[in-house]
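Right, one structure below, let's go through it.
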Amino acid sequence: MRNSKKWILISGILASIILIPSIWLVVFYMNAAGTVAEMHEPIEREISVMREAEVIFKKQDPFSVLLLGVDEREGDTGRSDTIVAITVNPTEQSTKMVSIPRDTYATIVGLNTKDKINHAYAFGGTTMAVASVELLLDIPIDYIATINMEGFENIVDAVGGISIRNELDFHVDEHVFPKGEIQLDGEAALIYVRMRYEDPRGDFGRQDRQKKIIEGVLRKGASLTGLRNYKSVFNALGNNVRTNMTFEEMTDVQKNYRSALSKVEQLHFQDGNGKKMNGIWYYLMDDEELVEVSRALKAHLGL
Numbered sequence: 221m222r223n224s225k226k227w228i229l230i231s232g233i234l235a236s237i238i239l240i241p242s243i244w245l246v247v248f249y250m251n252a253a254g255t256v257a258e259m260h261e262p263i264e265r266e267i268s269v270m271r272e273a274e275v276i277f278k279k280q281d282p283f284s285v286l287l288l289g290v291d292e293r294e295g296d297t298g299r300s301d302t303i304v305a306i307t308v309n310p311t312e313q314s315t316k317m318v319s320i321p322r323d324t325y326a327t328i329v330g331l332n333t334k335d336k337i338n339h340a341y342a343f344g345g346t347t348m349a350v351a352s353v354e355l356l357l358d359i360p361i362d363y364i365a366t367i368n369m370e371g372f373e374n375i376v377d378a379v380g381g382i383s384i385r386n387e388l389d390f391h392v393d394e395h396v397f398p399k400g401e402i403q404l405d406g407e408a409a410l411i412y413v414r415m416r417y418e419d420p421r422g423d424f425g426r427q428d429r430q431k432k433i434i435e436g437v438l439r440k441g442a443s444l445t446g447l448r449n450y451k452s453v454f455n456a457l458g459n460n461v462r463t464n465m466t467f468e469e470m471t472d473v474q475k476n477y478r479s480a481l482s483k484v485e486q487l488h489f490q491d492g493n494g495k496k497m498n499g500i501w502y503y504l505m506d507d508e509e510l511v512e513v514s515r516a517l518k519a520h521l522g523l
């Protein structure tokens, strides 16, 4: 009888050890699925016109994502002041990322005119932004994610802040950003990414800081700390992120592309020049550099 009671006690403890994590995973899964359903926002097409067939994550096809950081305004869709094209290749186990200067003089698809590339989102939302970036870079854009920059600080706070390596010593009001490894909360991260005029590299420096913040959030969000704060993370994402990627597709990416997402290579647009036309300042791409970046992204997509 004594041995039987011990066995029942041990069995109960073992069952609890196994069951509690299982329940936690189910709750985590349900919360994740609900958040992604809230985030999900299809675009008007099924696949890119530049694709012959759709990307299949289970086959580990290389794919691309357009990330837009949008400053939403009341009564206005806002402009995409952060424009980042990302390609992921699981065979090479790498990710390439390039920021497109928001003032880039480019064709706005659907309007048959040229304007600043960040106006595409303001004129025609995600569909026009995707088509315009596809034409500029000459690559298919498979997925899009828009982040409301006003709520971006909530995302950083939800993962418990981030750590990045800062290359420029500067300050904005009471916020000081020394060179080296620094810790940022949401408010500081938003100020850090938006600073422009104190940077000798202008918009190029701003682009690099944007990518550092994005990498920091991705890295921290995948950590154990990020998982412990999953409710806060899901709330922040659900309120501030919209994407055409489904929950099933996200889980497939997590399963099949994890190693590729951990190695990020930064590409740069920096050889162009600024020019005023009709009193408006534009950034004119260097043609050779644009072709070089386009070829690198195409090769990374296996095209």
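Position one of the sequence shown corresponds to residue 221 (the working numbering), numbered consecutively onward. Beta carbons: idealized from backbone N, C-alpha and C, even for Gly.
The segment 363–378 and the segment 460–472 touch, with no fewer than 3 CB-CB distances between them shorter than 8 Å. About 18 Å separates the CB atoms of Y417 and I433; that is not less than 8 Å, and the two are not in contact.
For S352, the enclosing alpha helix (DSSP H) begins and ends at H339 to L357. In the structure shown, I267 adopts coil according to DSSP, grouped into three states.
For D506, the CB contacts under 6 Å within the same chain, skipping 5 residues up- and downstream, are D491 and G492 in chain order. The alpha carbon of L355 has as its nearest neighbour, out of G522, S514 and A519, the alpha carbon of S514. With distances taken between CA atoms, F343 lies nearest to I328 out of I328, T311 and V353. Judged by DSSP secondary structure, S383 falls outside any alpha helix (DSSP H) and instead within the beta strand (DSSP E) spanning I382 to N386. By DSSP's assignment, S314 forms a beta bridge with N309. For the beta strand (DSSP E) assignment, the uninterrupted runs of no fewer than 3 residues enclosed by the segment 466–515 are, from N- to C-terminal side, 484–487, 493–497 and 500–504. Residue environment: A408 is assigned as buried (16 or more neighbouring CB atoms within 10 Å of its CB, all protein chains considered).
Boundaries of the alpha helix (DSSP H) harbouring I411: G406 to R414, taken from the DSSP string. By the 16-neighbour rule on beta-carbons within 10 angstroms, M259 is buried. Boundaries of the beta strand (DSSP E) harbouring V396: H395 to F397, taken from the DSSP string. Counting C-beta pairs closer than 8 Å gives three or more between the segment 311–321 and the segment 422–431, which meets the contact rule. Rounded to the nearest angstrom, the Cβ distance from V437 to I500 is 33 Å, too far for a contact under 8 Å.
Cβ-Cβ distances below 7 Å link S314 to A480, K483 and E485 in the same chain, with the five nearest sequence neighbours on each side left out; the list follows chain order. Taking P310 as reference, the option from K495, N476, E512 and A519 with the minimal CA-CA separation is N476. Under the criterion of beta carbons closer than 8 Å, N386 and F372 do not qualify as touching, at roughly 18 Å. In the three-state reduction of the DSSP assignment, L287 falls in the strand class, which pools E and B.
Judged by DSSP secondary structure, I320 falls outside any alpha helix (DSSP H); it is assigned neither H nor E. For A378, the uninterrupted alpha helix (DSSP H) run begins and ends at F372 to A378, by DSSP.
Annotation for Y417: no beta strand (DSSP E) segment contains it, and DSSP assigns it neither H nor E.
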